[in-house]
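Numbering (my numbering), first residue to last: 1 to 323. The beta-carbon is built from N, C-alpha and C at its ideal position, and this holds for glycine as well.
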């Protein structure tokens with residue numbers, strides 16, 4: 001891959017912004033709160049608790065290795081640039097390209113999953129307020145598309161001028177303590193908590209779109225995508241890679257139709273692609289570092305309880321999916 005970038009994006013993130021960005025990209029209680037009901041249905045409370053411990057241990061090891069490598073090779077492409085540097089010369093291009101695509105699609109699906117969760121939360125809020133209202137899949141579909149459209153508009157025109165956007169969600173770190181204290185004994189409190197969760201979800205959607213579009217831009221800059229010369233363009237006035245943002249939005253838009261077709265298949269696809277984010281680190285590390293087989297073992301152990309439902313349907317149609 002070529003490493004002579006034809007276009008550049010100015011850096012506007014400082015240490016505090018990076019910390020808040022990590023908070024909103026599903027790296028906190030907000031991600032667990034949004035998918036709590038799915039985790040309980042997929043494996044029960046025990047799976048939820050122990051999966052957090054297992055996943056946290058694995059990802060701390062991955063993050064430590066990535067941090068060490070990023071300190072030595074601070075590049076825009078992240079994993080796939082580092083993979084290209086560390087892989088054997090014979091396999092360099094193939095490994096780097098595979099790593100980049102895995103990371104890109106996993107980031108895309110993370111954004112899709114957060115958008116769908118926010119849409120479901122919003123419709124649940126409406127259903128709670130209006131007792132006669134019954135949400136339909138097409139309602140969630142249109143809300144999903146509206147949230148994705150809002151995120152790309154905000155990323156294009158407003159995020160560059162308002163870098164504090166990622167800091168807003170970090171202000172709500174105290175919400176879990178309020179939840180534990182109140183115990184959801186009031187419908188009003190529940191509505192307020194869910195409303196705050198939806199606001200946080202919006203910042204997560206914006207952040208994931210930003211991250212995935214920058215990765216798509218980096219891949220295009222290295223001629224790793226179709227129509228790379230078109231996608232790598234950075235708007236001269238907005239200083240934003242609009243075309244890579246549009247690419248991510250179009251793919252997000254298409255993924256929304258999968259939810260209409262089958263919610264079970266949608267959940268399986270989302271789970272499978274989210275796990276690819278860790279698999280993208282397979283070839284990153286040198287001999288004495290946290291290596292590929294260890295990552296695969298952790299991923300398999302983490303995915304197994306989350307892929308099998310502990311609840312069997314009492315009807316003839318069993319709605320159970322595995323990733």
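Legend entry - Extent of the continuous alpha helix (DSSP H) to which residue 234 belongs: Taking the first residue of the chain shown as 1, we reach residue 234 at position 234. Premise fails: residue 234 is in no alpha helix (DSSP H) and is neither H nor E.
Inset, instruction - Could you check what DSSP says for residue 219 in three-state terms: helix, strand or coil? - result: For the purposes of this step, residue 219 is taken as residue 219 along the chain shown, with counting starting at 1. In this structure, residue 219 counts as helix in the three-state DSSP scheme.
Inset, instruction - Count the other C-beta atoms from every protein chain shown that fall within 10 angstroms of the C-beta of residue 50, then say buried if there are 16 or more, exposed otherwise. - result: For the purposes of this step, residue 50 is taken as residue 50 along the chain shown, with counting starting at 1. Burial call: exposed.
Legend entry - Among 79, 48, 113, the one whose alpha carbon lies nearest that of residue 63: For the purposes of this step, residue 63 is identified with residue 63 of the chain shown, where counting begins at 1. Of the candidates 79, 48, 113, the one whose C-alpha sits nearest the C-alpha of residue 63 is 79.
Inset, instruction - Spell out a yes or no on whether the segment 194 to 211 and the segment 116 to 136 are touching, meaning 3 or more CB-CB pairs, one atom from each, closer than 8 Å. - result: yes
Legend entry - beta strand (DSSP E) runs contained entirely in the segment 184 to 220, provided each spans 3 or more residues: none
Legend entry - Cα-Cα separation, residue 57 to residue 88: Here the question's residue 57 lines up with position 57 in the chain shown. Here the question's residue 88 lines up with position 88 in the chain shown. Taking the straight line from one Cα to the other gives about 29 Å.
Legend entry - Alpha carbon of residue 229 to alpha carbon of residue 143, nearest angstrom: Here residue 229 refers to the residue found at position 229 when the chain shown is read from its first residue. Here residue 143 refers to the residue found at position 143 when the chain shown is read from its first residue. The alpha-carbon atoms of residue 229 and residue 143 are separated by roughly 33 Å.
Inset, instruction - Please report the residue range of the alpha helix (DSSP H) in which residue 252 lies. - result: Taking the first residue of the chain shown as 1, we reach residue 252 at position 252. Residue 252: member of the alpha helix (DSSP H) spanning 242 to 261, first to last residue.
Inset, instruction - Using 10 angstroms around the beta-carbon of residue 237, count the other beta-carbons present and answer buried if the total reaches 16, otherwise exposed. - result: By one-based count along the chain shown, residue 237 stands at place 237. By the neighbour-count rule (16 or more Cβ atoms within 10 Å), residue 237 is not buried but exposed.
Inset, instruction - For residue 220, collect the residues of the same chain with a Cβ closer than 7 Å to its Cβ; drop the 5 residues on either side in sequence, then sort them by chain order. - result: Within the chain shown, the letter at position 220 stands for residue 220. The residues are 228, 231, 232, 244.
Legend entry - Where the alpha helix (DSSP H) containing residue 137 begins and where it ends: Within the chain shown, numbered from 1, the residue matching residue 137 stands at position 137. Start and end: 137 to 157.
Legend entry - Terminal residues of the alpha helix (DSSP H) in which residue 105 lies: The residue you call residue 105 lines up with position 105 of the chain shown. Residue 105 -> alpha helix (DSSP H) spans 92 to 129.
Inset, instruction - Report, in whole angstroms, the separation of the C-beta atoms of residue 118 and residue 147, which I expect to be a contact under 8 Å. - result: Residue mapping note: residue 118 aligns to position 118 of the chain shown, counting from 1. Residue mapping note: residue 147 aligns to position 147 of the chain shown, counting from 1. That belief holds up - the Cβ atoms of residue 118 and residue 147 are roughly 6 Å apart, short of 8 Å.
Inset, instruction - To the nearest angstrom, report how far apart residue 149 and residue 90 are at their CA atoms. - result: The residue you call residue 149 lines up with position 149 of the chain shown. The residue you call residue 90 lines up with position 90 of the chain shown. Going by the C-alpha atoms only, they are around 42 Å apart.
Inset, instruction - Just confirm the distance between the C-beta atoms of residue 225 and residue 108, as a whole number of angstroms; I'd bet it's less than 8 Å. - result: By 1-based counting over the chain shown, the position of residue 225 is 225. By 1-based counting over the chain shown, the position of residue 108 is 108. At roughly 13 Å, the Cβ-Cβ gap does not stay under 8 Å, so residue 225 and residue 108 are not in contact.
Inset, instruction - Can you give me the start and stop residues for the alpha helix (DSSP H) that residue 80 sits inside? - result: The residue labelled residue 80 in the question sits at position 80 within the chain shown. For residue 80, the uninterrupted alpha helix (DSSP H) run begins and ends at 79 to 86, by DSSP.
Legend entry - Where residue 58 falls: helix, strand or coil (DSSP): Taking the first residue of the chain shown as 1, we reach residue 58 at position 58. In the structure shown, residue 58 sits in a helix (DSSP, three-state: H, G or I).
Inset, instruction - Counting only the same chain and skipping the five closest in sequence on each side, list residues whose C-beta sits under 7 Å from that of residue 235. - result: Working through the chain shown from its first residue, we reach residue 235 at position 235. Excluding the 5 residues flanking it on each side, residue 235 has same chain C-beta neighbours closer than 7 Å at 242, in chain order.
Inset, instruction - Taking only the alpha-carbon atoms, compute the straight-line gap between residue 60 and residue 130 and give it to the nearest angstrom. - result: What you label residue 60 is simply residue 60 of the chain shown in a count that begins at 1. What you label residue 130 is simply residue 130 of the chain shown in a count that begins at 1. So the two alpha carbons sit approximately 43 Å from each other.
Legend entry - Neighbourhood of residue 314 by C-beta distance below 7 Å, restricted to the same chain and skipping five residues each side: Counting from one through the chain shown, the residue named residue 314 turns up at place 314. Its pLDDT being 41, under 50, residue 314 is placed unreliably by the model, and the measurement read from it follows with that caveat. Nothing meets the Cβ criterion.
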